[in-house]
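Trainee:
Here's what the structure looks like:
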């Protein structure tokens, strides 16, 4: 900036000196020329007046002798044809005058200036026509302006050089002072006008603008730092993996979740600037990034299997108008969602299958009765089959409705004081025909004369399913043990143990799944496969837990832990 200002000032000064010199020289030359013209005009007029007194050479010589002739002024007496009558013929040849040139002078309103190339000088000429037709010509030798300019050029150059050095010295000091004031104020923009220490009052608005801009910049910097810190905190604590890339697939930002989910080749390094290709161990993930590199302006979404997890890789280009300036990559662990979705599909398929089985049976028997294919003595048996299948269908639908309500997690349950003895006795009484049919011996060890706050309907449904299973999957003449105890002031334990067929380790992993039955022979007979699923949902709703301990051929034991609700 300083250099440009100095160059501009010096250039203006040089131009000013040159223009001033030219104007001054031209003005001085014109002034002198006007004086010379006036002098020659007066001399020519005077000479004409004296010459008109007589036309002889004697008279002319007398006049010439009487005139006070200045140096470099020449008089010529010419005939009408332009021949010299009196005067130096050699000088007249230098003027190169003839009758035509004289006639041009006489007809014009200005003096004639002729340039002599040999002498490099100008002749100023005035002519007057005398009474006899002859002419008088007065000429004065003057300096040509260009020749004069050449002679004075060294002086002008000297003056110009001196002017440049002087202007350079003065300009540099002035510019240093001016720039120094700006730099000083730019370094320390504080306070108001009263604090501005400068003799250049014109800089006050400029300094005020700088101060306002500084305040705005500092404010924006603070905002950006705050927003950057907030954004970094959000990205760092995101459950999903997030990676920001530039157009070369080099990492700008990567959070801890992306490092863990992506299974990176090396840890504990600064990943900023590291290229994404080859950073991850997973071939599927690297294949996704290769596809992104081939189609950088397109969004991509892929599900891949990574470390026994289902990861959704979502890649979105960051576009500025139509150009790609980077990528945002999200790694989302969708394992639970995918498993839930798979179970939901399986549940829907099972519901359709389980509902279709009794309906097929009902429709088959009803169609046979409608078409008269059933004998009279078999009508009662067929009607009983249709009724039982209908009941199974109703029970299954009822269980599905219970499961759906429990899935909703309705926590607004009405609580009442309940005695477990009464609940268990009601259930045993309801299942009495099954107990007698399989000759099951039931042993109770319950807390007597004490009530607990629970929802009676939910609790009854819970133990109805567990006790019913203890009877259904027990051996003929088997035993069923039901016990209850408070293990802490806030926790109650209920155990239901049978001596039945037991459950294998493989089946124990799926025993609480919907429509899953251990003994497949019961599946179409009197089990919907929803009982233990309902149990698990109820226990979860009550804030408790359930545990299974079972061995094939030795029976099963379900342990239910429920929180005790105190007033």
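Residue numbers (this note's numbering): 3 to 569. A virtual CB, placed ideally from N, CA and C, is assigned to each residue, including glycine.
Beta-carbon separation of residue 319 and residue 301 under 8 Å?
Mentor: Yes, these two residues count as a Cβ contact at 8 Å.
Trainee: Of the choices 148, 9 and 531, whose alpha-carbon is the least far from that of residue 170?
Mentor: Nearest of 148, 9 and 531 to residue 170, Cα basis: 9.
Trainee: Quick check: what's the CA-CA separation for residue 119 versus residue 165?
Mentor: At residue 119 the pLDDT is 48, less than 50, meaning the model places this residue with poor confidence and gives no usable figure here.
Trainee: Report the residue from 551, 87, 153 and 157 whose alpha carbon sits nearest the alpha carbon of residue 138.
Mentor: Residue 138 has its Cα closest to that of 87, out of 551, 87, 153 and 157.
Trainee: What does a CB cutoff of less than 7 Å around residue 389 pick up in its chain, not counting 5 residues either side in sequence?
Mentor: Closer than 7 Å at Cβ, skipping near neighbours: no residue.
Trainee: What's the call for residue 486, buried or exposed, on a 16-neighbour Cβ count within 10 Å?
Mentor: Buried: at least 16 other Cβ atoms inside 10 Å.
Trainee: Less than 8 Å between the C-beta atoms of residue 476 and residue 500, yes or no?
Mentor: In contact: residue 476 and residue 500 (Cβ atoms closer than 8 Å).
Trainee: Can you check which of these residues, 433, 439 and 448, is closest to residue 463 by C-alpha distance?
Mentor: Comparing Cα-Cα distances from residue 463 to each of 433, 439 and 448, the minimum goes to 433.
Trainee: Taking the C-alpha atoms as reference points, what is the distance between residue 275 and residue 328?
Mentor: Near 13 Å, if we compare the C-alpha coordinates of residue 328 and residue 275.
Trainee: With DSSP run on the structure shown, which of helix, strand or coil describes residue 243?
Mentor: It is a strand residue.
Trainee: Using 8 Å as the threshold, is the stretch 464 to 475 in touch with the stretch 422 to 442, meaning 3 or more CB pairs across them?
Mentor: Counting Cβ pairs under 8 Å, three or more are found: they touch.
Trainee: Leaving out five residues before and five after residue 245 in sequence, what residues of the same chain have Cβ atoms less than 6 Å from its Cβ?
Mentor: These residues qualify, in order along the chain: 256, 260 and 331.
Trainee: Note the first and the last residue of the continuous beta strand (DSSP E) segment covering residue 335.
Mentor: Unbroken beta strand (DSSP E) run through residue 335: 325 to 335.
Trainee: Classify residue 560 as helix, strand or coil using the three-state DSSP reduction.
Mentor: Of the three classes helix, strand and coil, the one that applies to residue 560 here is strand, per DSSP.
Trainee: Report yes if the C-beta distance between residue 278 and residue 313 is below 8 Å; otherwise report no.
Mentor: Contact: no.
Trainee: Would you please state the rounded distance, in angstroms, between the beta carbons of residue 162 and residue 19? I believe it to be under 8 Å.
Mentor: Contact flag correct, Cβ pair sits at about 5 Å.
Trainee: I need the boundaries of the beta strand (DSSP E) containing residue 494, first residue and last residue.
Mentor: Counting along the chain, the beta strand (DSSP E) containing residue 494 begins and ends at 493 to 500.
Trainee: Can you check whether the CB of residue 497 is closer than 8 Å to the CB of residue 559?
Mentor: Yes, Cβ-Cβ distance for residue 559 and residue 497 is below 8 Å.
Trainee: Output the distance between the C-alpha atoms of residue 44 and residue 156, rounded to the nearest integer angstrom.
Mentor: The alpha-carbon atoms of residue 44 and residue 156 are separated by roughly 37 Å.
Trainee: Just the C-alpha distance for residue 298 and residue 322, rounded to the nearest angstrom, thanks.
Mentor: So the alpha carbons of these two residues sit roughly 13 Å apart.
Trainee: With DSSP run on the structure shown, which of helix, strand or coil describes residue 490?
Mentor: Looking at residue 490 - three-state DSSP - the assignment turns out to be strand.
Trainee: For residue 335, I'd like the list of residues in its chain whose CB is within less than 7 Å of its CB, leaving aside the five on either flank, ordered along the chain.
Mentor: The residues are 263, 311 and 313.
Trainee: Alpha carbon to alpha carbon, how far is residue 308 from residue 449? Give it in angstroms, no decimals.
Mentor: Computed Cα separation, rounded: 51 Å.
Trainee: Would you tell me roughly how many angstroms separate the C-alpha atoms of residue 547 and residue 291, rounded to the nearest one?
Mentor: Cα to Cα, residue 547 sits roughly 44 Å from residue 291.
Trainee: According to DSSP, residue 453 sits in a beta bridge with which residue or residues?
Mentor: For residue 453, which the question treats as bridged, DSSP gives no partner whatsoever.
Trainee: Give me whichever residues DSSP pairs with residue 255 in a beta bridge.
Mentor: In the DSSP output, where bridge partners are listed per residue, residue 255 has 246.
Trainee: Over what stretch of residues does the alpha helix (DSSP H) that includes residue 437 continue unbroken?
Mentor: From DSSP, the alpha helix (DSSP H) with residue 437 extends over 434 to 440.
Trainee: From 381, 281, 443 and 460, pick the residue whose C-alpha is nearest to that of residue 484; which is it?
Mentor: Of 381, 281, 443 and 460, the residue nearest in Cα terms is 443.
Trainee: Just mark residue 287 as buried or exposed, buried being the case when its beta carbon has 16 or more other beta carbons within 10 Å.
Mentor: Its Cβ being crowded by 16 or more others within 10 Å, residue 287 is buried.
Trainee: I'd like to check one pair, residue 531 with residue 502: are the Cβ atoms closer than 8 Å?
Mentor: Contact flag unset, no.
Trainee: When burial is assigned at 16 or more other CB atoms within 10 Å of the CB, is residue 235 buried or exposed?
Mentor: So residue 235 counts as exposed.
Trainee: Return helix, strand or coil for residue 117, following the three-state DSSP convention.
Mentor: Note that residue 117 scores 49 on pLDDT, short of 50, meaning its location in the model is unreliable; the coordinates nonetheless yield the value given after this. Note: residue 117 maps to strand in three-state DSSP.
Trainee: Here's a check: name, in chain order, each residue in its chain whose Cβ is nearer than 6 Å to the Cβ of residue 545, leaving out the five neighbours to either side.
Mentor: Same-chain partners within the cutoff: 565.
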